[in-house]
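Numbering (mature numbering (1 follows the signal peptide of the UniProt record, and there is no 0)), first residue to last: -21 to -1, 1 to 210.
Ideal Cβ positions, reconstructed from N, Cα and C, are used throughout, including at glycine.
Remember, predicted model here, so these are calculated numbers, not experimental data.
Written below as C-alpha coordinates is the structure these notes are about.
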Amino acid sequence: MEPNTILLLLFTFFILQKINNKFHIIAFLINRVIFSNNATLKEILALNKEYIDIKKEQDSISAQDQYGKWTKLNRKLDAITAKKATLNTKLDQITKENSAKVKKIENFIIKYPFIALKMYYGKTLIFQFEHKSAISRVLPDFLEQICTVGFVGIPKTFIKMLLGFIRNDSSLSEFGYKKGNGVSIGILFYCLESVISEFLGLFSNNVFSTIEVPESLKKGVNNNNVHESLD
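In C-alpha coordinates:
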(Lines of atoms letter the chains of each structure in order from A and count residues from 1; the text may use other names and numbers.)
(Lines give C-alpha, C1' and ligand atoms only; values in the text may rest on other atoms or scores of the structure.)
Protein backbone atom coordinates (compact mmCIF):
# COMPACT_ATOMS: atom_id res chain seq x y z
CA MET A 1 0.00 0.00 0.00
CA GLU A 2 1.30 3.45 -0.92
CA PRO A 3 2.30 5.76 1.96
CA ASN A 4 -0.09 8.48 0.75
CA THR A 5 -2.96 5.97 0.71
CA ILE A 6 -2.13 4.88 4.26
CA LEU A 7 -2.00 8.48 5.43
CA LEU A 8 -5.36 9.21 3.76
CA LEU A 9 -6.94 6.19 5.46
CA LEU A 10 -5.57 7.29 8.83
CA PHE A 11 -7.00 10.77 8.31
CA THR A 12 -10.35 9.28 7.33
CA PHE A 13 -10.58 7.07 10.42
CA PHE A 14 -9.38 9.92 12.64
CA ILE A 15 -11.98 12.40 11.35
CA LEU A 16 -14.74 9.75 11.54
CA GLN A 17 -13.77 9.01 15.13
CA LYS A 18 -13.88 12.70 16.09
CA ILE A 19 -17.23 13.32 14.37
CA ASN A 20 -18.77 10.19 15.86
CA ASN A 21 -17.57 11.08 19.36
CA LYS A 22 -19.19 14.51 19.00
CA PHE A 23 -22.50 13.64 17.32
CA HIS A 24 -22.87 9.86 18.08
CA ILE A 25 -23.87 9.15 14.48
CA ILE A 26 -23.25 5.39 14.57
CA ALA A 27 -25.22 5.01 17.80
CA PHE A 28 -28.11 6.99 16.29
CA LEU A 29 -28.19 4.85 13.13
CA ILE A 30 -27.97 1.56 15.02
CA ASN A 31 -30.67 2.57 17.50
CA ARG A 32 -32.83 3.80 14.65
CA VAL A 33 -32.51 0.66 12.53
CA ILE A 34 -32.05 -2.16 15.05
CA PHE A 35 -33.31 -1.10 18.48
CA SER A 36 -36.25 1.14 17.50
CA ASN A 37 -38.66 -1.83 17.31
CA ASN A 38 -38.19 -2.66 20.97
CA ALA A 39 -41.40 -4.17 22.41
CA THR A 40 -40.92 -2.55 25.83
CA LEU A 41 -40.55 0.91 24.29
CA LYS A 42 -43.68 0.39 22.17
CA GLU A 43 -45.61 -0.69 25.26
CA ILE A 44 -44.51 2.42 27.17
CA LEU A 45 -45.57 4.66 24.29
CA ALA A 46 -48.97 2.95 24.18
CA LEU A 47 -49.38 3.42 27.94
CA ASN A 48 -48.48 7.10 27.61
CA LYS A 49 -51.19 7.55 25.00
CA GLU A 50 -53.70 5.67 27.15
CA TYR A 51 -52.74 7.77 30.18
CA ILE A 52 -53.30 11.02 28.27
CA ASP A 53 -56.72 9.87 27.01
CA ILE A 54 -57.86 8.81 30.48
CA LYS A 55 -56.54 12.01 32.03
CA LYS A 56 -58.47 14.11 29.51
CA GLU A 57 -61.63 12.15 30.27
CA GLN A 58 -61.09 12.56 34.01
CA ASP A 59 -60.51 16.30 33.68
CA SER A 60 -63.71 16.66 31.68
CA ILE A 61 -65.93 15.45 34.55
CA SER A 62 -66.54 16.78 38.02
CA ALA A 63 -65.15 14.82 40.96
CA GLN A 64 -68.14 15.87 43.09
CA ASP A 65 -70.92 15.17 40.60
CA GLN A 66 -69.47 11.93 39.20
CA TYR A 67 -67.34 10.74 42.07
CA GLY A 68 -67.62 7.02 41.25
CA LYS A 69 -66.50 7.42 37.64
CA TRP A 70 -63.79 9.91 38.59
CA THR A 71 -62.39 7.49 41.22
CA LYS A 72 -62.44 4.60 38.76
CA LEU A 73 -60.48 6.63 36.22
CA ASN A 74 -58.03 7.66 38.93
CA ARG A 75 -57.38 4.01 39.80
CA LYS A 76 -56.66 3.33 36.13
CA LEU A 77 -54.16 6.19 36.08
CA ASP A 78 -52.41 4.82 39.17
CA ALA A 79 -52.22 1.35 37.61
CA ILE A 80 -50.74 2.77 34.40
CA THR A 81 -48.19 4.81 36.37
CA ALA A 82 -47.08 1.73 38.33
CA LYS A 83 -46.80 -0.35 35.17
CA LYS A 84 -44.82 2.40 33.42
CA ALA A 85 -42.37 2.53 36.34
CA THR A 86 -41.73 -1.22 35.99
CA LEU A 87 -41.31 -0.97 32.23
CA ASN A 88 -39.00 2.06 32.53
CA THR A 89 -36.72 0.07 34.84
CA LYS A 90 -36.67 -2.74 32.29
CA LEU A 91 -36.06 -0.24 29.47
CA ASP A 92 -33.12 1.30 31.35
CA GLN A 93 -31.49 -2.12 31.58
CA ILE A 94 -32.09 -2.75 27.87
CA THR A 95 -30.65 0.69 27.04
CA LYS A 96 -27.47 -0.07 29.01
CA GLU A 97 -27.07 -3.40 27.19
CA ASN A 98 -27.67 -1.72 23.82
CA SER A 99 -25.15 1.02 24.64
CA ALA A 100 -22.51 -1.64 25.36
CA LYS A 101 -23.31 -3.35 22.04
CA VAL A 102 -23.14 -0.04 20.17
CA LYS A 103 -19.76 0.71 21.75
CA LYS A 104 -18.39 -2.63 20.55
CA ILE A 105 -19.71 -2.00 17.03
CA GLU A 106 -18.12 1.47 17.01
CA ASN A 107 -14.80 -0.04 18.09
CA PHE A 108 -14.87 -2.65 15.31
CA ILE A 109 -15.88 -0.08 12.66
CA ILE A 110 -13.51 2.77 13.58
CA LYS A 111 -11.25 2.32 16.60
CA TYR A 112 -9.67 -1.10 15.94
CA PRO A 113 -8.94 -0.53 12.21
CA PHE A 114 -7.49 2.88 13.12
CA ILE A 115 -5.15 1.38 15.74
CA ALA A 116 -4.20 -1.54 13.45
CA LEU A 117 -3.24 0.84 10.62
CA LYS A 118 -1.10 2.97 12.94
CA MET A 119 0.68 -0.06 14.40
CA TYR A 120 1.22 -1.97 11.14
CA TYR A 121 2.24 0.94 8.91
CA GLY A 122 3.64 3.26 11.56
CA LYS A 123 7.28 2.85 10.45
CA THR A 124 6.54 3.33 6.74
CA LEU A 125 8.43 6.40 5.52
CA ILE A 126 6.36 9.23 4.07
CA PHE A 127 9.26 11.72 3.66
CA GLN A 128 12.93 10.90 3.16
CA PHE A 129 15.95 12.99 4.12
CA GLU A 130 18.41 13.58 1.30
CA HIS A 131 22.03 13.53 2.52
CA LYS A 132 24.51 14.69 -0.09
CA SER A 133 27.38 14.86 2.35
CA ALA A 134 28.23 14.25 5.98
CA ILE A 135 27.57 17.89 6.89
CA SER A 136 24.28 18.31 5.02
CA ARG A 137 22.08 16.34 7.40
CA VAL A 138 18.62 17.81 7.88
CA LEU A 139 18.54 16.99 11.59
CA PRO A 140 20.99 15.50 14.10
CA ASP A 141 21.23 11.70 14.05
CA PHE A 142 19.21 11.31 17.24
CA LEU A 143 16.31 13.46 15.99
CA GLU A 144 16.27 11.73 12.61
CA GLN A 145 16.17 8.41 14.44
CA ILE A 146 13.11 9.63 16.36
CA CYS A 147 11.45 10.74 13.12
CA THR A 148 11.95 7.26 11.69
CA VAL A 149 11.15 4.81 14.51
CA GLY A 150 9.75 7.07 17.24
CA PHE A 151 10.57 7.31 20.94
CA VAL A 152 9.51 3.70 21.56
CA GLY A 153 11.55 2.38 18.65
CA ILE A 154 14.86 3.87 19.82
CA PRO A 155 15.21 1.70 22.98
CA LYS A 156 14.27 -1.37 20.93
CA THR A 157 16.92 -0.46 18.37
CA PHE A 158 19.66 -0.13 20.97
CA ILE A 159 18.59 -3.36 22.72
CA LYS A 160 18.83 -5.26 19.42
CA MET A 161 22.20 -3.68 18.68
CA LEU A 162 23.44 -4.63 22.17
CA LEU A 163 22.22 -8.23 21.77
CA GLY A 164 23.93 -8.43 18.39
CA PHE A 165 27.17 -7.11 19.91
CA ILE A 166 27.04 -9.55 22.87
CA ARG A 167 26.29 -12.54 20.64
CA ASN A 168 28.72 -11.32 17.99
CA ASP A 169 25.90 -11.67 15.51
CA SER A 170 26.27 -9.07 12.78
CA SER A 171 22.97 -9.99 11.13
CA LEU A 172 21.02 -9.32 14.34
CA SER A 173 22.88 -6.08 14.85
CA GLU A 174 22.16 -4.90 11.31
CA PHE A 175 18.52 -5.94 11.57
CA GLY A 176 18.13 -4.12 14.85
CA TYR A 177 19.59 -0.87 13.60
CA LYS A 178 17.36 1.26 11.43
CA LYS A 179 18.94 4.48 10.23
CA GLY A 180 17.04 7.70 10.71
CA ASN A 181 16.66 8.54 7.03
CA GLY A 182 13.14 9.96 6.90
CA VAL A 183 9.85 10.79 8.62
CA SER A 184 7.62 7.78 9.24
CA ILE A 185 3.84 7.84 8.97
CA GLY A 186 3.49 7.12 12.68
CA ILE A 187 5.51 10.18 13.73
CA LEU A 188 3.95 12.49 11.14
CA PHE A 189 0.43 11.46 12.04
CA TYR A 190 1.18 11.75 15.77
CA CYS A 191 2.13 15.41 15.23
CA LEU A 192 -0.76 16.14 12.88
CA GLU A 193 -3.21 14.37 15.18
CA SER A 194 -2.40 16.77 18.02
CA VAL A 195 -2.78 19.82 15.77
CA ILE A 196 -6.05 18.61 14.22
CA SER A 197 -7.49 17.73 17.65
CA GLU A 198 -6.79 21.25 18.89
CA PHE A 199 -8.31 22.77 15.74
CA LEU A 200 -11.45 20.60 15.92
CA GLY A 201 -11.81 21.36 19.63
CA LEU A 202 -11.55 25.10 18.95
CA PHE A 203 -14.04 24.86 16.07
CA SER A 204 -16.50 22.76 18.07
CA ASN A 205 -16.37 25.00 21.14
CA ASN A 206 -17.04 28.12 19.08
CA VAL A 207 -19.63 26.79 16.63
CA PHE A 208 -21.64 24.29 18.68
CA SER A 209 -21.35 25.87 22.12
CA THR A 210 -24.30 27.54 23.83
CA ILE A 211 -24.07 30.87 25.62
CA GLU A 212 -25.56 30.84 29.09
CA VAL A 213 -27.46 33.93 30.20
CA PRO A 214 -25.75 35.47 33.26
CA GLU A 215 -27.64 35.20 36.53
CA SER A 216 -27.58 38.99 36.93
CA LEU A 217 -29.46 39.42 33.65
CA LYS A 218 -31.96 36.72 34.61
CA LYS A 219 -32.65 38.49 37.90
CA GLY A 220 -32.98 41.80 36.07
CA VAL A 221 -35.59 40.36 33.71
CA ASN A 222 -37.52 38.83 36.61
CA ASN A 223 -37.47 42.13 38.50
CA ASN A 224 -38.76 43.99 35.45
CA ASN A 225 -41.60 41.48 35.09
CA VAL A 226 -42.53 41.96 38.74
CA HIS A 227 -42.56 45.75 38.39
CA GLU A 228 -44.67 45.54 35.23
CA SER A 229 -47.18 43.28 36.96
CA LEU A 230 -47.40 45.69 39.91
CA ASP A 231 -47.95 48.61 37.58
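Boundaries of the beta strand (DSSP E) in which residue i is found, first to last residue
| i | result |
| --- | --- |
| G101 | Premise fails: G101 is in no beta strand (DSSP E) and is neither H nor E. |
| S163 | 161 to 163 |
Run of the alpha helix (DSSP H) containing residue i, from where it starts to where it stops
| i | result |
| --- | --- |
| S41 | Taken as a continuous stretch (DSSP letters only), S41 belongs to no alpha helix (DSSP H), as it is neither H nor E. |
| K90 | From DSSP, K90 is part of no alpha helix (DSSP H); its letter is neither H nor E. |
| N10 | 4 to 12 |
Residue i, buried or exposed, once every other Cβ within 10 Å from all chains shown has been counted against 16
| i | result |
| --- | --- |
| V128 | buried |
| Y100 | buried |
| E(-20) | exposed |
| E109 | exposed |
| V162 | buried |
| E29 | exposed |
| E123 | buried |
| V174 | exposed |
| F144 | exposed |
| L(-14) | exposed |
| I89 | buried |
Rounded straight-line distance, which links the Cα of residue j to that of residue i
| i | j | result |
| --- | --- | --- |
| M98 | G165 | 8 angstroms |
| F182 | K1 | 12 angstroms |
| residue 276 | N(-18) | A query on residue 276 cannot be resolved here, the shown segment of the chain reaching from -21 to 210 and no further. |
| K75 | I13 | 15 angstroms |
| D57 | N16 | 27 angstroms |
| L52 | Q45 | 11 angstroms |
| I59 | I94 | 49 angstroms |
DSSP bridge partner residues for residue i (one or two, in chain order)
| i | result |
| --- | --- |
| Q(-5) | None, per the DSSP bridge assignment. |
| Q107 | G161 |
Discussion item. Taking 8 angstroms as the cut-off, does the stretch 58 to 72 touch the stretch 9 to 23 (at least 3 CB pairs, one atom from each stretch)?
Written reply: yes
Practice prompt. Would you check if the stretch 35 to 49 and the stretch -15 to -2 touch, i.e. whether three or more CB-CB distances between them fall below 8 angstroms?
Written response: no
Fill in: At least three beta-carbon pairs within less than 8 angstroms, the stretch 3 to 10 to the stretch 71 to 89
yes
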